[in-house]
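For what it's worth, the numbering used here labels the leading residue of the sequence shown as 146, then goes sequentially.
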Amino acid sequence: MSNSLSGKHLMMGLTNMKKVPVESDILYLIPEPKRQNFAKSNIFLIFLIILTFLGCFGLLSCWYRRTSNQRFVIHIYKENLKNHVTAPICAGISDVDKFDCYPDAPVTETECIQRGCCYQPLTQLNKSVSHFPPLGTPYCFYPVNYNGYIITNVSQDGQRIQVRLQRTSSSGFPNDIKNLLLVITFIDDSTLRVKITDPNNARFEVPIPLYHKVKKLYKPRYEVDLDSKTGILTIKRKSSGVTVFKTDLSHLVYSDQFLQLSSYLPSPYIYGIGEHYGSFLKSVKWTRLTLFNSDQPPIPNHNLYGSQPFYLSLEAAGKANGVFLLNSNAMDIILQPTAITFRPIGGILDFFIMLGSSPEEVIQTYTGIIGKTFMPPYWSLGFHLCRFGYHTLNKTRETMQRTIDAGIPLDVQWNDIDYMDRYKDFTYDKVAFKGLPEFVNDLHDKGMHYVIMTDPGISNSEKPGTYPPYDEGVKNNIFIRNADDTIFVGKVWTDGNTVFPDFSHPSASSYWTNQFKNFHKEVAFDGVWIDMNEPSNFLNGSVKGCPESSLENPPYVPTGDFPLCVKTLCMTAKHYYTVHYNEHNILGYREAVATNQALKQVRGKRPFIISRATFAGQGVHSGHWSGDISSTWEDMRYTIP
Numbered sequence: 146m147s148n149s150l151s152g153k154h155l156m157m158g159l160t161n162m163k164k165v166p167v168e169s170d171i172l173y174l175i176p177e178p179k180r181q182n183f184a185k186s187n188i189f190l191i192f193l194i195i196l197t198f199l200g201c202f203g204l205l206s207c208w209y210r211r212t213s214n215q216r217f218v219i220h221i222y223k224e225n226l227k228n229h230v231t232a233p234i235c236a237g238i239s240d241v242d243k244f245d246c247y248p249d250a251p252v253t254e255t256e257c258i259q260r261g262c263c264y265q266p267l268t269q270l271n272k273s274v275s276h277f278p279p280l281g282t283p284y285c286f287y288p289v290n291y292n293g294y295i296i297t298n299v300s301q302d303g304q305r306i307q308v309r310l311q312r313t314s315s316s317g318f319p320n321d322i323k324n325l326l327l328v329i330t331f332i333d334d335s336t337l338r339v340k341i342t343d344p345n346n347a348r349f350e351v352p353i354p355l356y357h358k359v360k361k362l363y364k365p366r367y368e369v370d371l372d373s374k375t376g377i378l379t380i381k382r383k384s385s386g387v388t389v390f391k392t393d394l395s396h397l398v399y400s401d402q403f404l405q406l407s408s409y410l411p412s413p414y415i416y417g418i419g420e421h422y423g424s425f426l427k428s429v430k431w432t433r434l435t436l437f438n439s440d441q442p443p444i445p446n447h448n449l450y451g452s453q454p455f456y457l458s459l460e461a462a463g464k465a466n467g468v469f470l471l472n473s474n475a476m477d478i479i480l481q482p483t484a485i486t487f488r489p490i491g492g493i494l495d496f497f498i499m500l501g502s503s504p505e506e507v508i509q510t511y512t513g514i515i516g517k518t519f520m521p522p523y524w525s526l527g528f529h530l531c532r533f534g535y536h537t538l539n540k541t542r543e544t545m546q547r548t549i550d551a552g553i554p555l556d557v558q559w560n561d562i563d564y565m566d567r568y569k570d571f572t573y574d575k576v577a578f579k580g581l582p583e584f585v586n587d588l589h590d591k592g593m594h595y596v597i598m599t600d601p602g603i604s605n606s607e608k609p610g611t612y613p614p615y616d617e618g619v620k621n622n623i624f625i626r627n628a629d630d631t632i633f634v635g636k637v638w639t640d641g642n643t644v645f646p647d648f649s650h651p652s653a654s655s656y657w658t659n660q661f662k663n664f665h666k667e668v669a670f671d672g673v674w675i676d677m678n679e680p681s682n683f684l685n686g687s688v689k690g691c692p693e694s695s696l697e698n699p700p701y702v703p704t705g706d707f708p709l710c711v712k713t714l715c716m717t718a719k720h721y722y723t724v725h726y727n728e729h730n731i732l733g734y735r736e737a738v739a740t741n742q743a744l745k746q747v748r749g750k751r752p753f754i755i756s757r758a759t760f761a762g763q764g765v766h767s768g769h770w771s772g773d774i775s776s777t778w779e780d781m782r783y784t785i786p
């Protein structure tokens with residue numbers, strides 16, 4: 146525009162030019178003053194138009210960015226913010242839309258109706274699942290008009306939506322929590338957090354660090370719809386309209402020792418929810434996945450050593466989403482056609498929902514929340530040699546040399562618990578493994594490394610003053626205790642009985658570091674293999690048994706056929722902050738943190754640690770090993786993702 150106006154100005158000026166004589170008689174064409182004022186006014190107008198345009202563009206951009214922060218829809222029907230009691234509407238509910246209203250036991254029609262639910266016996270069951278009750282389309286399911294919780298208030302504060310919920314009828318489980326607070330936080334353009342808590346009473350929350358930060362939204366990938374009339378919360382991918390998370394809050398169960406929330410799945414391609422023996426791709430044909438760390442050799446349909454309450458769902462065109470439930474209590478996760486149900490028996494419901502353009506992006510987002518995997522030392526990437534049953538140092542040396550002679554470039558030698566003196570932590574057998582310190586020094590001279598095993602069980606059967614790991618633990622009061630405040634005593638590998646460090650205790654880390662420091666002066670190990678930290682116990686609870694308590698006998702037991710204390714500690718056992726009922730699944734995590742800190746102080750280098758028990762985020766501190774798998778091709782196949 147400016148170029149054309151300049152041309153017009155030049156043409157207008159040329160018609161009114163006059164000759165100005167100079168010494169060299171050179172002609173200059175000078176426009177008349179009147180035309181010069183007109184040109185200046187035109188330039189000013191152009192400049193003003195440009196400024197106005199830029200200002201409007203800036204305002205439009207700010208408006209878009211502001212409204213992008215609030216791309217959610219809330220349907221509020223004030224006349225429906227209280228419960229209308231009507232007869233259950235059961236007709237027209239398809240099998241895939243039936244969610245279990247009576248998951249705690251086999252149910253009769255009378256019992257089902259007493260809960261305000263629909264009863265319709267079926268015969269389709271998954272016979273491959275051994276847990277009780279059997280899985281299949283539930284006999285007792287929620288009606289269309291079920292109103293367990295209703296929405297009483299919705300408000301927004303920046304990148305947060307707060308929803309008040311109120312229970313209007315009994316769930317059938319003891320101690321329903323009447324009032325709940327649901328908070329939806331828009332963490333960034335790809336991530337949301339949906340957290341449901343009791344606003345009036347503190348409940349156990351997983352005490353692990355989270356590494357995400359709430360960021361200003363620019364172009365969210367999701368849309369959120371909350372309907373106060375139906376209680377349905379829906380989160381969709383904006384670009385495709387795919388529903389990645391959809392739950393009916395009226396069906397929510399939130400009692401003291403049983404929580405249940407169901408959500409529809411965007412596809413049948415669900416990965417994760419460890420640790421279990423089987424394919425990384427999970428079946429959605431009525432599958433139960435229990436998360437309760439257990440000393441259980443890997444076999445199908447059983448909970449194993451770790452708990453990873455995260456799944457990744459593959460959408461069309463390679464897009465993916467992930468859901469992480471931050472809850473460490475024992476739980477069942479039920480996969481059914483098109484839906485997933487979470488059933489923790491304590492804590493809170495705290496979901497992180499992640500949208501990505503690929504599975505890799507979802508995993509990057511997930512590790513951005515729970516923490517990135519630790520950087521292992523370079524030497525640990527080589528070939529390692531280990532087995533249980535060397536029994537002597539000579540056998541260890543012979544096996545190692547045979548491997549080297551076979552041309553295998555061996556980098557690291559390990560020993561299982563048979564190197565210990567009567568299976569006691571921080572000792573070595575000075576007869577069968579005589580010369581172990583010199584053997585390790587020789588490995589170092591050859592550029593090789595050595596890894597030891599350690600259990601979280603300390604012998605309490607030695608004479609006072611002869612076994613520092615026990616004496617110092619008693620002095621610092623860091624062992625797990627019974628409900629009556631005496632030291633909890635179980636049984637693991639030692640000749641006598643065993644006590645267990647409470648790694649949540651403020652003094653536990655310094656205690657653990659001191660034990661490693663003292664033992665490293667004898668045997669200069671390089672890495673640590675932590676085992677039996679589910680925690681495992683050869684007894685069902687303590688040597689005294691477990692007291693009668695709702696913690697020992699909750700209204701719903703995820704392990705199905707046996708009490709929670711089987712092969713582990715009593716649920717009433719006391720840790721520093723809470724009871725074992727809450728801490729069980731994170732004991733291995735806490736031990737990994739303490740061991741990582743110990744090795745950093747003792748060796749002054751990047752630690753190498755692998756742990757049998759794991760929880761989400763533990764990769765920041767340790768690796769994981771696959772446990773007591775069999776030496777079969779089938780088990781080897783399952784170790785490869």
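Idealized CB from N, CA, C, for every residue including glycine.
DSSP places P504 inside the alpha helix (DSSP H), whose first and last residues are P504 to I515. Residue pairing for K427: DSSP places it in a beta bridge opposite I415. According to the DSSP assignment, N539 belongs to the alpha helix (DSSP H) that extends over L538 to D550. Under the three-state reduction of DSSP, L404 is assigned to strand.
Taken in chain order, the unbroken stretches of beta strand (DSSP E) that lie wholly in the region 234 to 305 and span 3 residues or more are 294 to 302. The alpha carbon of H725 has as its nearest neighbour, out of Y656, I755, P646 and Q660, the alpha carbon of P646. The Cβ-Cβ distance between F318 and S407 does not fall below 7 Å. Secondary structure note for W674: it is in no alpha helix (DSSP H), and the uninterrupted beta strand (DSSP E) holding it is G672 to I675. For the pair of segments examined, the region 671 to 678 was found to touch the region 580 to 597: the number of CB pairs separated by less than 8 Å reaches three. Y264 has its alpha-carbon roughly 13 Å from the corresponding atom of P248. As computed with DSSP, I188 is found in no beta bridge at all. The DSSP-derived three-state label of I194 is helix.
F425 has its alpha-carbon roughly 16 Å from the corresponding atom of Y450. By the neighbour-count criterion, in which 16 or more other beta carbons inside 10 Å mark a residue as buried, L588 falls on the buried side. In this structure the region 494 to 505 touches the region 456 to 468; the number of beta carbon pairs closer than 8 Å is three or more.
Nearest neighbour of D333 by Cα position, chosen from I296, E350, W431 and G513, turns out to be G513. Taking a 10 Å sphere around the C-beta of S239, we find fewer than 16 other C-beta atoms and assign the residue as exposed. The criterion of a C-beta distance shorter than 7 Å is not satisfied by N446 and S439. For a cut-off of 8 Å, the C-beta gap from V644 to F624 is around 5 Å, short enough to register as a contact. By the Cβ-count criterion, I194 is exposed, with fewer than 16 other Cβ atoms from all chains shown falling within 10 Å of its own Cβ. Per DSSP, the unbroken alpha helix (DSSP H) holding T658 starts and ends at A653 to E667. Going by DSSP, A743 is part of the alpha helix (DSSP H) stretching over L732 to R748. Burial check for D245: the Cβ neighbour count within 10 Å reaches 16 or more, so the residue is buried. Taking each of I234, F286 and A232 in turn and checking the Cα distance to T253, the smallest one comes out for F286. Looking from the CA of Q304, the closest CA among Q311, L362 and P442 belongs to L362. P354 and S335 have their C-alpha atoms some 20 Å from each other. Annotated as distal: L404 and L280, with beta-carbon spacing of 7 Å or more.
The Cβ atoms of P554 and F528 sit closer than 7 Å to each other.
I493 is not bridged by DSSP to any residue.
Between the alpha carbons of N298 and P344 lies a gap of roughly 14 Å. In the DSSP assignment, the residues bridged to N466 are S458 and L500. Inter-residue distance for H536 and I478 is about 42 Å (C-alpha atoms, whole angstroms).
Positions of the beta strand (DSSP E) runs, each at least 3 residues long and wholly inside the region 564 to 636, are given as 594 to 599 in order along the chain.
For S756, the pairing in a beta bridge is given by DSSP as I675 and H769. Excluding five sequence positions before and after I774, the CB atoms of its chain that fall closer than 6 Å to its own CB belong to P443 and D780, given in chain order. Classified as exposed, M520 has fewer than 16 neighbouring CB atoms from the shown chains inside 10 Å of its CB.
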